[in-house]
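Going by full-length UniProt numbering, the residue at position 162 of the sequence shown is 162; the numbering climbs one at a time, nothing skipped. Glycine included, every Cβ here is placed at the ideal spot set by N, Cα and C. Below is one structure, written out as structure tokens; comments come after it.
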Amino acid sequence: MTDAQTRPVLSTAQPEDYFQLLKPRVMSLVVFTAATGLVVAPGAVNPLVAAIAVLCIAVGAGAAGALNMALEGETDALMRRTRGRPVAAGRVRKNEAMAFGVILSLFSVMLLGMNANWLAAGLLALTIVYYAGFYTLLLKRRTPQNIVIGGAAGAFPPVIGWAAATGQAPWQAWLLFAIIFLWTPPHSWALALYSAGDYAKAGIPMMPVVRGARSTRLQILIYSLVFVPVAIAPAVVGLGGPVYLAVSVLGGLGFLGLALRLYRSRAGDEPDKVEAVGREAALYDVRAQAKPARDLFAFSILYLMALFAALLVEALSGMGA
1 MTDAQTRPVL STAQPEDYFQ LLKPRVMSLV VFTAATGLVV APGAVNPLVA
51 AIAVLCIAVG AGAAGALNMA LEGETDALMR RTRGRPVAAG RVRKNEAMAF
101 GVILSLFSVM LLGMNANWLA AGLLALTIVY YAGFYTLLLK RRTPQNIVIG
151 GAAGAFPPVI GWAAATGQAP WQAWLLFAII FLWTPPHSWA LALYSAGDYA
201 KAGIPMMPVV RGARSTRLQI LIYSLVFVPV AIAPAVVGLG GPVYLAVSVL
251 GGLGFLGLAL RLYRSRAGDE PDKVEAVGRE AALYDVRAQA KPARDLFAFS
301 ILYLMALFAA LLVEALSGMG A
């Protein structure tokens, strides 16, 4: 071997690449819902303990994201939406991303256990393993129900926050879990409807790829009809107050309206071949078909954030239960 062949290859990754491994946009939602669970939980919690707990949950979520990118680098490279990610683009090597994720996982779980309690730490460890192992390795490529079962990983943060504050995970915490769990399928399948080509190219059996757009639109509507009443439930059981009731009902009506509009649309259907009027008209047709799915996807994020913001505001102001 020559010196060039035996010389170790130096990483070209920049700090921002490692930050992107954490999936910061996903992390921000995780932090927000976890902080809500922590604040809504009964009793007082030391502010320093609370801050460290939220930090641990954020780092744990980032660790799961890094492990996911390490395991999915080749798949991500096939999709327009994800090919710019650090591992997919070759800026961070797979083994580097794996090591980064494992170190952050151990750090976040151990610190949360020592700072708050081991129930919260155990739930955080379960979330990381569930997302990186059960969902990424086992479910995502095997069933069109991947996002339904895998959605549990994203629903754990408020339960972890509640457990960090009280050392318990009562049914009220699991109601917050249920809201996110039932929100995930219509949210994710709306995205999948206008990204089905990417998923098909990458060999990921998302619902529109396996069952078709029409079936996916119907399932989005069914899940929405179940999700919205569950989203209103905290106001009924006393977990949320009048602000939450208004936000959940008005936002829920908007959510159902967009889901019904999507169901009646042609979003995700094969675009018509308009050869007579040319490619621009065909592209316009594709965008017009995708709009109901894009609108529901965008509104779903706002609605979920508004639900948890209402709970947070009420808890901090003393308006809630």
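For a quick check, are the C-beta atoms of residue i and residue j less than 9 Å apart?
i: M69; j: L21; result: yes
i: G252; j: A231; result: yes
i: N117; j: I52; result: no
i: I180; j: I57; result: no
i: L239; j: A169; result: no
i: T33; j: F308; result: yes
i: A190; j: R261; result: no
i: W174; j: S300; result: no
i: G73; j: A120; result: no
i: A153; j: L71; result: no
i: A267; j: R211; result: no
i: residue 350; j: A200; result: Nothing can be reported for residue 350: it is not among the residues displayed for the chain, which extend from 1 to 321.
i: residue 327; j: D17; result: Given a span of 1 to 321 for the chain in the structure shown, any question on residue 327 remains unanswerable.
i: V31; j: V54; result: yes
i: L193; j: A290; result: yes
i: V102; j: Q172; result: no
i: V45; j: A164; result: yes
i: residue 381; j: A259; result: Residue 381 lies beyond the residue range present for the chain, which begins at 1 and ends at 321; the question has no answer from this structure.
i: N146; j: M79; result: no
i: A13; j: P86; result: yes
i: residue 376; j: M110; result: The requested residue 376 does not occur in the structure, where the chain is confined to residues 1 to 321.
i: A310; j: Y244; result: yes
Reducing DSSP to helix, strand and coil, say where residue i ends up.
i: G73; result: helix
i: T143; result: coil
i: L302; result: helix
i: D17; result: helix
i: A310; result: helix
i: V92; result: coil
i: G101; result: helix
i: G60; result: helix
i: N68; result: helix
i: A44; result: coil
i: T12; result: coil
i: D295; result: helix
i: S265; result: coil
i: Y135; result: helix
i: G318; result: coil
i: L283; result: Residue placement at L283 is poorly supported in this model, since its pLDDT is 39, which falls under 50; the coordinates are not used for a value here.
Between which two residues does the alpha helix (DSSP H) harbouring residue i extend?
i: F156; result: Where F156 is concerned, there is no enclosing alpha helix (DSSP H), given that its DSSP letter is neither H nor E.
i: V129; result: 118-129
i: M82; result: According to the sequence provided, residue 82 is Thr. The question's Met does not apply to it. Here T82 belongs to no alpha helix (DSSP H), and DSSP marks it neither H nor E.
i: F32; result: 24-40
i: Q168; result: Unbroken run through Q168: none, as it is neither H nor E.
Measure how close the beta-carbons of residue i and residue j come, nearest whole angstrom, since I'm counting them as under 8 Å.
i: L61; j: D76; result: Per the sequence shown, the amino acid found at residue 61 is Ala instead of Leu. No, A61 and D76 are not in contact; Cβ-Cβ is about 18 Å, not under 8 Å.
i: P135; j: G150; result: Looking at the sequence shown, residue 135 is not Pro but Tyr. Going by Cβ atoms, the distance from Y135 to G150 rounds to 4 Å, so yes, they are a contact pair.
i: M27; j: G84; result: The Cβ separation is near 18 Å, so there is no contact.
i: F156; j: T127; result: 4 Å
Worksheet item: Can you list the alpha helix (DSSP H) stretches of 4 or more residues lying completely in the region 196-259, in chain order?
Response: List check, alpha helix (DSSP H) in window: 196-202, 207-210, 213-237.
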